[in-house]
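Protein chains: 2
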Amino acid sequence: MTERIRILQYGLGPIGCALARLAAQRPGLEIVGAVDIAPGLQGKDLGEVLELGRGLGVRVVADAASTLRQARPDVVLHATGSHLPAVKDQLLGIVAAGAHVVSTCEELSYPVYRYPELSRELDRAAQEKGVALLGTGVNPGFVMDKLVATLLTACTKVGRVEVGRVVDAAGRRGPLQRKVGAGMSVAEFQALADANKIGHVGLPESAHMLADVLRLPADRKLVEELKPKVADKEIRTKFVHVLPGQVAGVDQMAAVLVDGKEIIHLHLEMYVGAPQPVDRVLIEGTPRLEMAITTGVHGDVATAAVSVNCVPLMSALKPGLRTMLDVPVRITP
Amino acid sequence: MTERIRILQYGLGPIGCALARLAAQRPGLEIVGAVDIAPGLQGKDLGEVLELGRGLGVRVVADAASTLRQARPDVVLHATGSHLPAVKDQLLGIVAAGAHVVSTCEELSYPVYRYPELSRELDRAAQEKGVALLGTGVNPGFVMDKLVATLLTACTKVGRVEVGRVVDAAGRRGPLQRKVGAGMSVAEFQALADANKIGHVGLPESAHMLADVLRLPADRKLVEELKPKVADKEIRTKFVHVLPGQVAGVDQMAAVLVDGKEIIHLHLEMYVGAPQPVDRVLIEGTPRLEMAITTGVHGDVATAAVSVNCVPLMSALKPGLRTMLDVPVRITP
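Protein chains in written order, with my numbering: chain A, 47 to 379; chain B, 47 to 379.
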């Protein structure tokens, strides 16, 4: 590739900044635009916002539509929210401008079950413009789905899949520590949980992706569970202070059942002070496979890697709404 | 997919039979032809050869060209040899008949470095016919390359990659036990090793695949090492009898160096009586990742799985010589 891929960074929270920082380091990519609505960022050079110690010649603006028109990006790195309905208009705006989208929106990673109508709308819009739309990241997007699906290709038969992920939220960004409820009382957590306003977003998406890889029937049942992980000792991070008895984070589960039998089980514990981050996969199949990533996989770093590594592949994907199952490691010219 | 994919099985050794047996179980695949040169198999029903307990209505024949013409397969499952020059004419014959090829030929998995001219010839022939040509299997094809490359997509920077695989050859097919030298004297092994006639084929292919994923420069250096693994106790398998002091199998290494610094290190121990099969990956990068498949990955079973799972993807690959890096988990219609 001789021409550099033109990138627009859409969203400059901690994840958006991580994406842009990595994109700025890649010789094949050129950042040509940056969008964020935060008043404090308007007009600033992106290099300053990213603390690169050098200017990038790109000013942050709030008006996405005009920036997309002027900057003419090939690919937009989108990181503004977890829920698809809230970012739908942003995605349609990018697609309308004729750019591919790599988004960290968790619900975009495998949206067809939660939002069938909206998925068709996004797919149609992307196909009409000849661009691909992809939701990705570390989770959903990699450790609990794409990586597991890759392992499944080495099995001739699969009876059951169990995936466990333990994340120490203390090493993660502030918004994530608050998103998992660190520092709340159990009652506060429970009220938010009942209102569906707390916890990791994406387990059902990962579960459905694996269910489709295993060709589980349409009458399969998805069940979810969300509990607080309660601290048994005091924990201080850069962002929160948790006392014993308060919430340290989340303990979440999603499972897929067929005829009452559990075929897929995903378990995520994400809390401040987790002593041993780890990712585990158990495939009860032929052959039986037990895999562990004993270092864990640092979410924010890996989200940037997984997302930015998809950028050079976007133009080779079939136009429309794509998923990580469609994405190879690289595409031979 | 409403129409079943028409499969021809080319080669009916233990691996070819494993591929065909799995293909025969898959509802989306239909076996329409079988080729092998063994006199004892001629005219037999493939179902009998595979010990399925039922006929498949497909007779084994030695003449590939006429079978390819008559059976008109969409995809040929090819499993006749490890070395590319020896199977080149077979592959060109399949391509000329307009069928995609999924082959377990180890040297086809990433052939461009060992056989640049032959790779171009195969690529051109496949492009002309609009078919894809893929070398795959468990190793090379999965555990020491594709799976590692998939893990690498979660890293922003990589300094060094170390991959270790320990295989208990006692649980594997007879030809493999002999291929690793089980039961030989150390002197016999050494003579064969010096003549390049023993050992696992494919480590350099895996190493180059990973080197390309890491974009290591063209002046990188590949080094290889092959030693016998000597038995310290008596071992009997279905196929061989190994005494203490005799060869139990191979201890092989391939590494890629840049400016004298080792960036990729692949280590394979494959011998009868290996007490604990395991696959390990260490990525010294950002983030640092340590992965282990503590069950190991059974080679013959996984080779069948990886290969047959590629079949439905072949028609969506770009025509030409492809590699496992090009292959996604599945392709959304």
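The beta-carbon is built from N, C-alpha and C at its ideal position, and this holds for glycine as well.
Keep in mind it's a predicted model, so treat the numbers as computed, not measured.
Using 7 Å as the threshold, is the C-beta distance between residue i and residue j below it?
| i | j | result |
| --- | --- | --- |
| B:I310 | B:A264 | no |
| A:V104 | A:L92 | yes |
| B:E251 | B:P162 | no |
| B:T143 | B:V106 | Residue identity differs from the one stated: residue 143 of chain B is Ala in this sequence, not Thr. Their beta carbons are not under 7 Å apart, which means B:A143 does not touch B:V106 by this criterion. |
| A:V293 | A:F235 | yes |
| B:V232 | B:V327 | no |
| A:A171 | A:L138 | yes |
| A:G183 | A:T349 | yes |
| A:A351 | B:C201 | yes |
| B:I339 | A:M337 | yes |
| A:V189 | A:D325 | yes |
| A:P119 | A:I61 | no |
| B:V148 | B:S353 | yes |
| B:V304 | B:L260 | no |
| A:K279 | A:P290 | yes |
| A:I83 | A:A108 | yes |
| A:T196 | B:T196 | yes |
Kindly list the residues whose CB is nearer than 7 Å to the CB of residue i, restricted to its own chain and excluding five residues on each side of it in sequence; keep chain order.
| i | result |
| --- | --- |
| B:L96 | C63, A66, R67 and A70 |
| B:T283 | A216, Q223 and V318 |
| A:M316 | V213, A215, V226, H246, G295 and V296 |
| B:Q367 | Residue 367 of chain B is actually Leu in this sequence, not Gln. Here the set comprises S165, L168, D169, A172 and L179. |
| A:A362 | I377 |
Check the C-beta distance from residue i over to residue j and give it rounded, since I have them as a contact under 8 Å.
| i | j | result |
| --- | --- | --- |
| B:Q136 | B:H146 | Not confirmed; about 14 Å, so no contact. |
| B:P374 | A:P333 | Contact doesn't hold; Cβ gap of about 22 Å is too wide. |
| A:Y159 | A:H313 | Actually they are not in contact, since the Cβ atoms of A:Y159 and A:H313 sit about 20 Å apart, beyond 8 Å. |
| B:I51 | B:P365 | No, B:I51 and B:P365 are not in contact; Cβ-Cβ is about 17 Å, not under 8 Å. |
| B:I377 | A:D372 | 6 Å |
| A:G176 | A:L154 | Not really, about 19 Å apart at Cβ, beyond 8 Å. |
| B:G86 | B:E94 | The Cβ separation is near 12 Å, so there is no contact. |
| A:G345 | A:V288 | Actually they do not touch by this definition, with Cβ atoms about 19 Å apart. |
| A:V343 | B:L335 | 6 Å |
Strictly below 7 Å CB to CB, what residues from chain A border residue i?
| i | result |
| --- | --- |
| B:E336 | I339, T340 and T341 |
| B:A351 | T199, A200, C201 and T202 |
| B:H344 | P333 |
| B:A348 | A200 and P333 |
| B:R368 | T378 |
Quick one: what's residue i bridged to in DSSP?
| i | result |
| --- | --- |
| B:E336 | B:L328 |
| A:R211 | A:L314 and A:D325 |
| A:A300 | A:E270 and A:L312 |
| B:Q55 | B:A80 and B:L123 |
| B:A294 | According to DSSP, B:A294 bridges with nothing at all. |
| B:I281 | B:V288 |
| B:D91 | B:R105 |
| B:R206 | B:E330 |
| B:K134 | Note: B:K134 sits in no beta bridge, so no partner. |
| A:S149 | A:H124 and A:G181 |
| A:R368 | A:L180 |
| A:K307 | A:V304 |
| B:L75 | B:I51 |
| B:V276 | B:V293 |
Between residue i and the rest of its own chain, which residues show a CB-CB distance below 6 Å, the 5 nearest in sequence each way excluded?
| i | result |
| --- | --- |
| B:Y56 | V81, V122 and H124 |
| B:I244 | G227 and L238 |
| A:E152 | S128, P186, V247 and G248 |
| A:K192 | M370 |
| A:M299 | E271 and H313 |
| A:G220 | F285 |
| B:Y156 | E251, H254, M255 and T369 |
| B:L114 | A143 |
| A:G59 | none |
| A:M360 | V121, H146 and A178 |
| B:T199 | none |
Note down, in chain order, every chain B residue with its Cβ under 7 Å from the Cβ of residue i.
| i | result |
| --- | --- |
| A:L193 | T196 |
| A:D372 | P374, I377 and T378 |
| A:N355 | T199 |
For residue i, return the contacting residues in chain B, with the cut-off set at a CB-CB distance below 8 Å.
| i | result |
| --- | --- |
| A:A132 | Ordered by position in chain B, no residue passes the 8 Å Cβ test against A:A132, which lies about 24 Å from the chain. |
| A:F188 | T199 and A200 |
| A:V33 | Residue 33 of chain A lies beyond the stretch modelled for chain A, which goes from 47 to 379, so this question has no answer here. |
Under 9 Å between beta-carbons, which chain B residues line up against residue i? List them in chain order, please.
| i | result |
| --- | --- |
| A:T150 | The premise fails here: A:T150 is roughly 14 Å from chain B at the closest Cβ pair, so nothing lies under 9 Å. |
Under 8 Å Cβ to Cβ from residue i, same chain only, skipping five residues before and after it: list those, please.
| i | result |
| --- | --- |
| A:E308 | R206, A301 and V302 |
| B:A110 | Y56, V81, Q136, G139 and I140 |
| B:A241 | none |
By the criterion of Cβ-Cβ separation under 9 Å, what are the contact partners of residue i in chain C?
| i | result |
| --- | --- |
| A:A178 | Looking at the structure shown, chain C is missing, and the protein chains on hand are A and B. |
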